[in-house]
Amino acid sequence: MSQSIHDVIIELMISYSTKESTPTPAEILSIENALPFVAEHLEPATYRSYVEWVERNKERYQDDLLI
Numbered sequence: 000m001s002q003s004i005h006d007v008i009i010e011l012m013i014s015y016s017t018k019e020s021t022p023t024p025a026e027i028l029s030i031e032n033a034l035p036f037v038a039e040h041l042e043p044a045t046y047r048s049y050v051e052w053v054e055r056n057k058e059r060y061q062d063d064l065l066i
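With the first letter of the sequence shown counted as 1, position 9 gets the number 8 in numbering that gives the first Met the number 0; the numbers rise by one all the way through.
Rendered as structure tokens:
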């Protein structure tokens, strides 16, 4: 992937994870699925923060997300 694609993915991750309303299951899974593709472009603390965000928000939808 080119750097610009990584930037777009990271921008989407930022917009999903910082919005004021509760994230949808699709937004949570989008970030979870994007993490492996952008991990090397994130600071370790930022990566961990996203992983924690996914885990915390998946708890809201456990029955819906088939996890």
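Note that beta-carbon positions come from the ideal geometry of N, C-alpha and C, so glycine has one too.
Exercise for the section: Assign L28 to one of three DSSP states: helix, strand, or coil. Expected result: helix
Exercise for the section: Sort L34, E26, A44, R47 by Cα distance to D6 and report the nearest one. Expected result: L34
Handout entry: Alpha-carbon spacing of H40 relative to T17, whole angstroms
Key = 19 angstroms
Problem - Environment of N56 [buried if 16+ CB atoms lie within 10 Å] - result: buried
Practice task
Can you give me the Cβ contacts of V50 inside the same chain, cut-off strictly under 8 angstroms, excluding the 5 residues immediately before and after it?
Solution key: L34
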